[in-house]
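K.L.:
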Amino acid sequence: MLQVHKPYVLGEDGDHKFVWLGLDESEHEKGILTNQYLIMDKGESALIDPGGYFVFERVFNNVQSMVDPEKITKIMYSHQDPDVIGSLNLLLDMFPNAKFYVSYLWERFIPHLGVSVNDRIVDIPDEGMDIKVGESILRAVPAHFMHSPGNFHYYDPRLKIYFSGDIGAAIYPKGTWYLIVDDFETHRNFMEPFHRRYIASRKAIDLWKKTIENLEIDVVAPQHGSVFIGDNAKKFLEWLWSLDKVGLDLM
Ligand SMILES: [Fe+2]
Ligand SMILES: [Fe+2]
493 MLQVHKPYVL GEDGDHKFVW LGLDESEHEK GILTNQYLIM DKGESALIDP
543 GGYFVFERVF NNVQSMVDPE KITKIMYSHQ DPDVIGSLNL LLDMFPNAKF
593 YVSYLWERFI PHLGVSVNDR IVDIPDEGMD IKVGESILRA VPAHFMHSPG
643 NFHYYDPRLK IYFSGDIGAA IYPKGTWYLI VDDFETHRNF MEPFHRRYIA
693 SRKAIDLWKK TIENLEIDVV APQHGSVFIG DNAKKFLEWL WSLDKVGLDL
743 M
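In our numbering, the protein residues as written are 493 to 743.
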């Protein structure tokens, strides 16, 4: 079982890299464990879901160990939850050249963090968009109601890595965390209750499935829990598509 805590490269092709940004397991004491990701390409870099307030120091130090913070030009959010955007006021200062990409649904709520972000927010329309990082593209993939009503996943077509936001989240018994899923059957038990409650309905799964079923996906990298590679990425998607009732269907 891979239990590294330092940044770990999930995929690379020349100078294009997709990096998991490390973990301090004591974070478990403060809130649900979260994953953050860094994409590097030709001197430009981006972050996906850089996280809440208490992970900021770890995230910033790990980013700085790999790239100059001034080279971070894009920060992409899956949705509006505190474990996703809670460090925004620190990010604004520490990554002065970054623009923040978020669903247009959430833009008007973000100033309640006590920050003025007007010229630094880019609204993502419901249908998603392509976002250029260096010479590569990251695609904001609509996944509405797969948790939040304005929800995006991010797909890296060059490395076939799919960032799945809260989808794929696992809640472990204390001390059980690992970075890469080995045994899907065991891991599924850590995911099932979360997915039954946090996805709005089976209809959301059907819509999202149509959106992504033609993408080539080798790696699924979620915002919580462990990363699925190869066969386990396929098993994960098939498992999710097989959930007959979730959220409202069960209420
Ligand atoms: Fe969330
Ligand atoms: Fe989350």
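From the three backbone atoms N, C-alpha and C, an ideal C-beta is built for every residue, glycine too.
1. Rounded to whole angstroms, what's the CA-CA distance from I564 to L742? Just pull it up for me.
2. Taking the continuous alpha helix (DSSP H) assigned at A725, which residues delimit it?
3. Please determine, among A713, L671, E684, G535, the residue with the shortest C-alpha to C-alpha distance to H497.
4. Let me check you understand the geometry: is the CB of S595 closer than 8 angstroms to at least one non-hydrogen atom of ligand 1?
5. Can you list, in chain order, the residues of its chain with a C-beta nearer than 6 angstroms to that of G620? Leave out the 5 residues immediately preceding and following it.
6. Just the C-alpha distance for A661 and H687, rounded to the nearest angstrom, thanks.
7. Can you give me the C-alpha to C-alpha distance between V625 and I524, rounded to a whole angstrom?
8. Is there contact between the region 546-562 and the region 581-592, where contact requires at least three CB pairs shorter than 8 angstroms?
9. The alpha helix (DSSP H) spanning H604 covers which residue range?
10. Report buried or exposed for D736, applying the criterion of at least 16 other Cβ atoms within 10 angstroms of its Cβ.
11. Taking the alpha helix (DSSP H) that H679 falls in, what are its first and last residues?
12. For A713, list the residues DSSP reports as bridge partners.
13. Looking at P542 and L515, is the spacing between their C-beta atoms short of 9 angstroms?
14. Rounded to whole angstroms, what is the Cα-Cα separation between H679 and S718?
15. Got a sec: does ligand 1 put a non-hydrogen atom nearer than 8 angstroms to the Cβ of Y690?
16. Run through DSSP, which three-state label would H497 get?
17. Please report the straight-line C-alpha distance between D723 and W733, rounded to a whole angstrom.
18. Kindly indicate which residue of H639, P617, I613, P649 has the alpha-carbon position closest to the one of L630.
19. Ordered along the chain, which non-local residues of its own chain (more than five positions away) have a Cβ less than 7 angstroms from that of E627?
20. Is it buried or exposed for P685, if we count other Cβ within 10 angstroms and need 16 for buried?
21. Collect the residues with a C-beta less than 5 angstroms away from any heavy atom of ligand 4 and give them in sequence order along the chain.
22. With L707 and Y654 assumed to form a contact (beta carbons below 8 angstroms), what rounded beta-carbon distance in angstroms separates them?
23. Using a threshold of 8 angstroms, is the CB atom of D573 nearer than that to any non-hydrogen atom of ligand 1?
P.N.:
So, from the data block:
1. Looking at the backbone, the Cα of I564 and that of L742 are separated by about 42 angstroms.
2. That run of the alpha helix (DSSP H) goes 723-733.
3. Out of A713, L671, E684, G535, L671 has the C-alpha closest to the C-alpha of H497.
4. Not so, every heavy atom of ligand 1 lies at least 8 angstroms from the Cβ.
5. In chain order, A632, V633, P634 place their CB closer than 6 angstroms to the CB of G620, counting only its own chain and leaving out the 5 sequence neighbours on each side.
6. Between the alpha carbons of A661 and H687 lies a gap of roughly 8 angstroms.
7. Answer to the nearest angstrom: the Cα atoms are 29 angstroms apart.
8. The region 546-562 is in contact with the region 581-592.
9. Going by DSSP, H604 is part of no alpha helix (DSSP H) at all; its letter is neither H nor E.
10. Exposed.
11. For H679, the enclosing alpha helix (DSSP H) starts and ends at 676-690.
12. DSSP lists F655 as partners of A713.
13. Here L515 is not near P542, since their CB atoms are 9 angstroms or more apart.
14. If I take the Cα positions, the gap works out to 9 angstroms.
15. At least one heavy atom of ligand 1 is nearer than 8 angstroms to the Cβ of Y690, so yes.
16. Coil.
17. Those two C-alpha atoms are separated by around 15 angstroms.
18. With distances taken between Cα atoms, L630 lies closest to P649.
19. Within the same chain, E627 has close Cβ partners D533, K534.
20. P685 sits exposed, since fewer than 16 C-beta atoms from the chains shown fall within 10 Å of its C-beta.
21. By its list of ligands, the structure shown excludes ligand 4, since it contains just ligand 1 and ligand 2.
22. Right, their Cβ atoms sit about 7 angstroms apart.
23. Within the cutoff, so yes.
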